[in-house]
Amino acid sequence: MTASKPLPRAVVFNCHITGLAVARSLAAHGVEVIALDPDPRGLGQASRAVTQRHKCPNPLEDERGFVQYLLDNAKRFGEGAVLFPTNDEWVMAVARYRSQLESCYRIPFSELGVIDAVLDKRRLYADAHHLGIPIPKTYTLNDPKATAKDIRYPAIVKPAEQRRFYDRFGVKVFRAENATALVRFAREAADLACVAQEIVDVPAGGFYSFCSYVAPDGEVRGAFVGRKLEQYPEGFGTGCLVIGEQVSEIVERGSAILKAFGYHGISEVEFIWDPARKEHLLLDVNPRVWKWVGLPIASGVDLPWLAYSE
30 MTASKPLPRA
40 VVFNCHITGL
50 AVARSLAAHG
60 VEVIALDPDP
70 RGLGQASRAV
80 TQRHKCPNPL
90 EDERGFVQYL
100 LDNAKRFGEG
110 AVLFPTNDEW
120 VMAVARYRSQ
130 LESCYRIPFS
140 ELGVIDAVLD
150 KRRLYADAHH
160 LGIPIPKTYT
170 LNDPKATAKD
180 IRYPAIVKPA
190 EQRRFYDRFG
200 VKVFRAENAT
210 ALVRFAREAA
220 DLACVAQEIV
230 DVPAGGFYSF
240 CSYVAPDGEV
250 RGAFVGRKLE
260 QYPEGFGTGC
270 LVIGEQVSEI
280 VERGSAILKA
290 FGYHGISEVE
300 FIWDPARKEH
310 LLLDVNPRVW
320 KWVGLPIASG
330 VDLPWLAYSE
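Using my numbering, the first residue of the sequence shown is number 30, and each one after it goes up by one.
This is how it looks when you write it as structure tokens:
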């Protein structure tokens with residue numbers, strides 16, 4: 030009897046909290062998981078779900094060096110190994126050098142042009158408006174002084190690529206209490222493609238996420254709606270207590286925006302409930318896994334496995 034061919038390995042990077050959930054998902058299906066991280070303290074590296082652990086360059090400091098590391102180790106990691114980046118900077122590194130990497134690896138998400146478009150808040154909100162999907166009142170920062178005069182305070186400034194923003198400023202968004210603060214911060218973050226947005230008075234439990242895997246043919250193969258009951262920091266932070274709650278309007282709107290961009294892969298589309306407008310408003314699209322991705326996996330919507338099985 031011929032032995033079955035072993036499954037291609039999965040390469041997860043970085044392998045901290047999010048990477049741990051991805052590794053556990055894939056290991057449960059018999060996939061060997063290789064953990065890459067610049068920091069040897071990454072939580073997922075200590076898991077029994079991981080078969081190899083390696084220190085790699087940080088793409089925020091040396092993107093080309095990280096890509097070269099993947100190319101140099103392609104034979105070692107195995108033919109057709111599947112790449113699972115877990116943060117924006119890792120996604121962007123793979124997307125930018127896709128033409129080189131896809132000769133050695135399988136990449137289960139969209140190409141750079143689609144990723145860039147999804148992360149461009151101006152493009153995202155314009156497409157949402159065209160589709161009839163409501164958004165918070167949003168302003169460009171091409172002319173910070175003009176925006177500062179028009180926007181209602183307090184307001185927030187939010188980036189396209191969250192990791193670089195967070196590493197520089199230590200927050201996911203910046204809260205501006207007045208025009209002076211907004212103009213000053215807009216200048217400090219001028220290279221990060223930010224937008225300004227009026228704050229919506231979101232009630233407790235008013236943050237939702239449409240979590241899905243979309244196949245290359247555009248079919249949504251797995252879908253889950255999560256509702257944040259607690260997050261830290263309050264209002265703009267990471268979900269600490271999240272439940273599953275099916276909301277058809279969020280599924281429809283999340284699916285529509287992903288289809289409009291032609292996106293495929295795992296993603297999280299974030300919404301908030303606006304009690305004044307009585308609408309779920311689109312906030313962001315994250316073209317990757319996220320910290321509480323373990324919840325849909327535990328609920329039977331195994332997004333990493335769906336992506337791996339592409």
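Beta carbons are placed, not taken as given, at the ideal position from N, Cα and C, and that holds for glycine.
### Message
Quick check on DSSP: helix, strand or coil for P67?
### Response
coil
### Given I164 as reference, the closest of R152, N171, A175 and K174 once Cα atoms are compared
Nearest in C-alpha terms to I164, of all of R152, N171, A175 and K174, is R152.
### V280 in three-state terms, based on DSSP
helix
#### Entry: Exposure label - R105; buried when at least 16 CB within 10 Å
exposed
### Query
For Y126, which of helix, strand or coil comes out of DSSP?
coil
#### Entry: Close beta carbons around F300, own chain, < 8 Å, minus the five adjacent residues each side
F236, Y237, S238, F239, I279, R282, G283, H309, L310, L311 and L312
### Query
From A305 to D230, what does the alpha carbon distance come to, in whole angstroms?
8 Å
### Message
Tell me which residue opens and which closes the beta strand (DSSP E) that I295 is part of.
### Response
G294 to D303
### Query
Do you know offhand how far P114's Cα is from V123's?
8 Å
### Message
Using CA atoms only, rank isn't needed, just tell me which of K34, A50 and V40 is closest to R82.
### Response
Ranking K34, A50 and V40 by Cα distance to R82 puts V40 first.
### Task
Kindly indicate the opening and closing residues of the alpha helix (DSSP H) around S90.
In the sequence under discussion, the amino acid at residue 90 is Glu, which differs from the Ser named in the question. P88 to D101 is the extent of the alpha helix (DSSP H) around E90.
### Task
Below 6 Å CB to CB, which residues in the same chain sit around S54 once its five sequence neighbours on both sides are set aside?
I326, D331, P333 and W334
### Query
Based on Cα-Cα distance, which residue from V271, V314, C269 and V202 lies nearest to G291?
V314
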